[in-house]
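Residue numbers (my numbering): -7 to 824.
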Amino acid sequence: AFLPLASPTLRSQPNQPLTVNPQFENPANWHAVTMRDDGSEGDVQADDSVFTGTIPAQANRTLVRYRIEAEDDLLGAVLVPYEDDEALNFACYAYNGLPPYTAEGGGRLPQTYSPESLSTMPVYTMITRAEDMTQCYAYTGGDQISGNAHLGRKRYNWEGAFVYDGRVYDHMRYRLRGANGRYHLRGKRSMKFRFNRGHELQARDRFGNRYPVDWRKLNVSKLFDNRAVSNSPDQNYGLPEMMNSILFSLSGVPTWQAHWFHFRVVDGVQEAPDQYRGDFWGMFLAMEEYDSQFLKAHDLPDGNLYKLSAGVGDPGRQLRYQGPESVDDYSDYHNLRNRLSAGRSDEALEQLVNYDNFYRYYAMAQAIRHYDSWSFSDKNVAWFFELQPEHGPFGRLWYLPWDVDLTWGPNWNQGQFEAWQALGDSDGLPQNGMPGSQHAAKRLAFRNHIREFRDLLWNRDTVDSILDELAGMIQEMAQADRDRWMDAPSSAGSHRFDMTLAQKVADMKQFAWEGNKTWSSGGSSGYVGPGGQTAVLDKISGYEGDSTAIPTTPTIEYIGTPGFPVDALAFQCSVFQDPQGSHTFGAMQWRVAKVSLLTHVGYTRQNRAYEINPVWQSEVLSEFQDVMVIDHTELLPGDPYRVRVRMRDNTGRWGHWSDPVEFVAAWPVRETTARGLRVTEIMYHAVDLSGGDSEAEFIELYNAGDVSIDLQGLAFTQGITYRFGQVMMAPGEFLVLTKDREAFEAQYGRAIPVLDEYSSSLSNRGERLVLEDVTRGMVIFTSDYRDDWYPITDGQGHSLVPVDPGEMRLDWSDQALWLPSQAVGGSPGQGE
């Protein structure tokens, strides 16, 4: 609809309005199709107020744009989309399916990648003019925009149609992103897409699940380090960014979500003229934007959000979200820059910075060498100001990570953070024996966190398994990406690949655990000593005397009922020991965490549990308690768990968490109900006989055991609300609960045994459904069902039924455990 600004104009007058493309509204390019409601020419049923128009068959890879005009008998008319809709029109894309990709050049063996292997990640297709993509990618210097032309660089100058998941996002805009590495070599580029309001991208994560909030903007990483430094193998496959997104999030730092995608660009007539030209552009990484959508997705409160950008000192241009109750004159930004410095009290610093967030952020920055930062740097971080009205109007700072590709070895600059320098360290990095005691407690709090971070997250068991899983997810697409870009003709865009995927994984593990290598760097040493960066973390945790002063790491043993039944779990720990003597006990704490064992039945990548997230944790106990009976209400039989304990001395120093006792929880000793009771059907989005939404949703229960079950004391506590009275279920008996008995009986008749009605409704989009024995505090059934598991269960008349109704488990949140019902309407009150 609009033509881009020429490159010289983009540099000198970036705010110039775009020129309307005269071909877009040219009447000769639009064709009228009559929509009918008479049962002919594609219309299914006459006089049902549903009008149908048939678009003529189109060639493969054809974008069809259309508008709809309606007129009534009184000559009133409407044209949609409305005039204020930035999408300008509706659109569909005629496509014959993903073709194979064949690579035959580059001195390697011929390789054909099947459509199945190419669709192991989301396929994003952008339709745009070839001259627009060429100007944007700017392989020629005349199209490139210099670093000081900030507005020109940030202008969404080019337009396209973006196709994903059966939907066309038409007239979206795109540009390049990045500062130093924006035009690095003649190869892949990092990009940014902006979608129109009301037409945000319905993105999915690396497991295929819809993100909780749609994306207004999409950041794209080219999977290469942004800065070329001497002897740097700059291909990273996106592994540092993906690892950092996951690990920052697990650390408790709100962080952008990310996923790889297969990118296709339709800018010519031929789909695949050769290996290096055509629609296939290889593999890229999608990253969430810091904006209002981000705050919603991560359940953050309203507050001002700034994304700092290189060379942009104006906070007005860095503001990404204006909180409705926050200051609107950027005074929070200026207040922080003016006041966050050494010499202030702990209380004053806490009013400026959320130090709990900062310790988590800073531990990760040290672990991965996210060092491209200096005191009040203008890049590679986002600032979120959490409102605290009791302490004034400015709020306090949360650090949020950005631009973390140059980590895990390659790095730049010194890693200085003003929140740490304010604690008395002018050099910016943690040191041993830092001067002054004013902020000793805050520095100790950071070292305490480092020890917990090492015990529960930054360890080989966790980090290596995540890295291996991520590499396994992209193995074939990574090779196809290399075939597309490696040794390609200059005109097609070419990149060097100095490391295979396996070599990059090994290099990252060497950085973390082994070290004794110099990685490429700028502005600081790239050398990591023996023991890898982990040795650096351990050294920091021992600063200021902690290495010889923290309590001795305790040991624990299981003393409960054999077999680990969830209602009889008891553990005992060793006595408190401390280098300063046994009289220095200060406190202790117990924790239980669910873990995912690769060898455990039911393990899936999607539902992986991490030990850093406890399912139960005791209060900080000021009295020594060597025996702990675990609160079992959050533990599910059949799942693996780890129990640990740690000690604190009377100076505030926490020791390490103990080595864990690992076990698989067993069924309760006093349990009978859960063994036989099953939820065997969920009709969460019911429809009536005409296909419209209905209140006849239902849940079916079944006694799969060989003894009667007393349901008294059981209740649905999430999803719906219902508590059972004195009800006995005989072996093999079905019972049905429904939202509306009248609607249910109108649809299914009265012969089906409806027990009762429940309050609230099952969510049509999916939610957590929980059945509990509330008298014992024990979960019997839980399922996080989703509407995108099977489209035919979402308002098309089918219900969800278990694959194996006899299977004995509590957590039914895995799609693989469910199937759509065979019959429309399901089969309430009887077997499938």
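Just so you know, even glycine gets a beta-carbon here, dropped at the ideal spot from N, CA and C. Here the structure is a predicted model, which means the values were calculated and not measured.
Compare the beta carbon distance of residue i and residue j with 8 Å and say whether it is the shorter of the two.
i      : j       : result
Glu725 : Asn695  : yes
Leu802 : Gly534  : no
Asn346 : Glu378  : yes
Gln285 : Trp375  : no
Val56  : Leu90   : no
Ile548 : Val637  : yes
Pro632 : Asp559  : no
Gly821 : Glu611  : no
Arg597 : Glu461  : yes
Ala472 : Leu493  : no
Asn13  : Ala(-7) : yes
Trp394 : Asp364  : no
Asn201 : Ile360  : no
Val70  : Ala79   : no
Ala504 : Val455  : yes
Leu879 : Gly697  : Shown here, the chain extends from -7 to 824; a query on residue 879 therefore has no answer.
Arg3   : Gly139  : no
Using 10 angstroms around the beta-carbon of residue i, count the other beta-carbons present and answer buried if the total reaches 16, otherwise exposed.
i      : result
Thr1   : exposed
His575 : exposed
Pro19  : exposed
Asn223 : With a pLDDT of 46 at Asn223, under the threshold of 50, the predicted position of this residue should be treated as unreliable, though the coordinate-derived value follows. Exposed, since its Cβ has fewer than 16 Cβ neighbours within 10 Å.
Phe154 : buried
Ile170 : Ile is not the amino acid found at residue 170; the sequence shown has Gly there. Buried.
Asn7   : exposed
Thr117 : buried
Pro427 : Its pLDDT being 49, under 50, Pro427 is placed unreliably in this model, and the value from its coordinates should be taken loosely. The residue in question, Pro427, is exposed, as its Cβ has fewer than 16 Cβ neighbours within 10 Å.
His431 : buried
Ala264 : exposed
Asn372 : buried
Ala220 : Caution is warranted here: a pLDDT of 48 is assigned to Ala220, below 50, making its placement in the model unreliable, and no coordinate value can be reported.
Thr774 : buried
Ser700 : exposed
Asp397 : buried
Arg443 : buried
Asp40  : exposed
Tell me the DSSP bridge mates of residue i?
i      : result
Pro393 : Val373
Ala62  : Val70
Asn81  : Beta-bridge pairing links Asn81 to no other residue.
Ser4   : According to DSSP, Ser4 bridges with nothing at all.
Leu55  : Tyr85
His23  : BP columns for His23 are empty, so no partner.
Phe216 : Gln227
Figure out for me which residue from the options has the closest Cα to the Cα of residue i.
i      : options                           : result
Lys501 : Glu444, Thr399 and Asp135         : Thr399
Pro745 : Gln581, Gln408 and Met721         : Met721
Met113 : Leu277, Asp324, Ser753 and Gln814 : Leu277
Glu96  : Leu215, Asp266 and Asn88          : Asp266
Gln314 : Asn330, Ala334, Pro293 and Ala302 : Pro293
Phe445 : Leu297, Gly416, Tyr602 and Ser566 : Tyr602
Met770 : Glu611, Pro571, Asp779 and Pro557 : Pro557
Gly133 : Met164, Leu287, Pro102 and Tyr175 : Tyr175
Leu210 : Ala250, Asn236 and Leu177         : Ala250
Asp77  : Gly552, Glu192, Asn372 and Ala289 : Glu192
Ser682 : Gly416, Arg196 and Ala738         : Ala738
Asn756 : Val762, Pro783, Ala414 and Tyr282 : Pro783
Tyr351 : Arg336, Trp412 and Pro723         : Trp412
Met183 : Val257, Ile238 and Tyr203         : Val257
His648 : Val679, Asp570 and Met675         : Asp570
Ala289 : Phe16, Ile137, Asn88 and Ser241   : Ser241
Met27  : Phe16, Glu17, Val42 and Asp124    : Val42
Gly270 : Asp29, Ser369, Ala480 and Ala527  : Ala480
Trp273 : Phe255, Leu436 and Met279         : Phe255
Tell me whether residue i counts as near the ligand HEM, meaning its Cβ is closer than 7 Å to at least one heavy atom of that ligand.
i      : result
Glu506 : Among the ligands in the structure shown, none appear at all, so the ligand HEM cannot be discussed.
For chain C, check one thing: does any of its Cβ atoms lie closer than 8 Å to the Cβ of residue i?
i      : result
Val257 : This model lacks chain C altogether, as it is built from one protein chain only.
Within 8 Å, do at least three Cβ pairs link the segment 241 to 248 to the segment 510 to 526?
no
So, do the segment 381 to 401 and the segment 343 to 360 have three or more beta carbon pairs nearer to each other than 8 Å?
yes
Taking 8 Å as the cut-off, does the segment 117 to 130 touch the segment 299 to 316 (at least 3 CB pairs, one atom from each stretch)?
no
Per the contact definition of three or more C-beta pairs closer than 8 Å, is the segment 808 to 821 in contact with the segment 782 to 789?
yes
Is it the case that the segment 641 to 651 contacts the segment 477 to 491, given that we only count it when at least three CB pairs across the two stretches are under 8 Å?
no
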